[in-house]
Amino acid sequence: MDQTINKVRKKTPLIHHLTNQVVMNFTANGLLSFGAAPVMAKATEEAQEMASLANGVLINIGTLTAPDLNAMIVAGKTANERGIPVVLDPVGVAATPFRTKAVKQILDKVKPAAIKGNAGELAHLVEIPWETKGVESIGDGDTEEIARKVRDVYGTTAVITGKTDIICTENDLIRNDTGHPILTKVTGAGCLLGSILTACLTTDDKVEEQALAAVKFYGLAAEYAASSKEVTGPGTFIPRFIDALSLNIDQLERR
């Protein structure tokens, strides 16, 4: 896990974000703190060029519009052609038919290296019943089954976030218990994780190591930040969390 993060910080990969407007600033600052470089670009006119310059592409449909969809497909296809990782974050895919159809269009034309989301979002992708509310997952069930089915249907690594994160690759299923409940009170916490996951996938490590490094480190950083005596709620947590993302794992574990 350490080696994946160290490789990211040595390389400083450029991550092309086609992400939602709510989280752009938080995501950019968090990824910079972690050690990678963000660029936010959703114009179709430059999607191919930007993806051609990047080391990884993040597609996040949080505030999706029709023009965004075309740019996402162009960037994703360009990334596939170049052999760089694409991470799909299907935010709120179950909320409306527009989102459902859009994600289907993306998956028909783009092959993601990983699909990351909450249980409700990924369950919807493989037609497993699950209760959702807007962009939130409020149901309960077998998240390992969902992860395996997403992996099998889409031929990708599935990352389900929650109290216990589930990572399902071609060869392994991994559970991660790091994290803190305060993350559920911060808009964009999951979106930033998608960005960090994309950065980790740019290394030459095994995908199991890459994905676990991202989710475990993220959870440890949240635990570290939440333990600060200055943190009294989500507002005071955010700056401590961004600071924590710049630390090494051994520092986080010694909190």
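Taking this note's numbering, the leading residue of the sequence shown gets 4, the next gets one more, and so forth.
Ideal Cβ placement from N, Cα and C applies to all residues, glycine included.
In summary, Asn179 is buried, with 16 or more beta-carbon neighbours lying within 10 Å of its beta-carbon over all protein chains present. A check of alpha carbon separations from Lys119 across Val25, Met75 and Val90 identifies Val90 as the nearest. Measuring C-alpha to C-alpha distances from Glu52 to each of Met27, Cys194, Phe37 and Ala78 identifies Ala78 as the nearest. With respect to the 8 Å criterion, Leu223 and Glu256 are classified as neighbours on the basis of their beta carbons. Bridge pairing for Lys166: absent [DSSP]. As a beta-bridge residue in DSSP terms, Asp92 pairs with Asn63. Restricting attention to Asn28, Leu195 and Asp92, the CA atom closest to the CA of Ala116 is found in Asp92. In this structure, the alpha-carbon of Val113 lies about 15 Å from that of Val153.
Contact between Met43 and Thr22 holds, since their C-beta atoms are separated by about 7 Å, short of 8 Å. Assigned with DSSP and collapsed to three states, Gly120 falls in strand. The DSSP assignment places 5-14, 27-37 and 47-56 as complete runs of the alpha helix (DSSP H) inside the stretch 4-64, in order along the chain (cut-off: 4 residues).
About 6 Å separates the Cβ atoms of Ile87 and Gly59, confirming a contact at the 8 Å cut-off. Around the Cβ of Phe37, a 10 Å sphere holds 16 or more other Cβ atoms; the residue is buried. The beta carbon of Ala39 sits closer than 7 Å to the beta carbons of Val11, Thr15, Pro16, Ile18 and Ala202 from its chain, once the five residues preceding and following it are set aside; these are given in chain order.
Taking the Cα positions, Gly197 is about 18 Å away from Ile76.
For Asn83, the enclosing alpha helix (DSSP H) starts and ends at Ala69 to Arg85. Straight-line spacing of the CA atoms in Ser231 and Leu35 works out to 22 Å. Non-local beta-carbon contacts of Val218 in its own chain, meaning distances under 6 Å to residues more than five positions away in sequence, involve Asp168 and Asn179 in chain order. In the DSSP assignment, Ala161 forms a beta bridge with Ile118 and Cys171. Contact between Ile170 and Ala214 holds: their C-beta atoms lie close to 5 Å from each other, under 8 Å. With 16 or more other Cβ atoms inside 10 Å of its own Cβ, Ala74 counts as buried. The beta carbons of Ala97 and Glu130 sit no closer together than 8 Å. Distances from the alpha-carbon of Ile199 to those of Lys13, Thr30 and Asn121 put Thr30 closest. For Arg102, the three-state secondary structure derived from DSSP is helix.
Where Arg243 is concerned, there is no enclosing beta strand (DSSP E), although the alpha helix (DSSP H) around it starts and stops at Pro237 to Ala247. Inter-residue distance for Lys80 and Ala54 is about 9 Å (C-alpha atoms, whole angstroms).
Per DSSP, reduced to three states, the secondary structure at Arg151 is helical.
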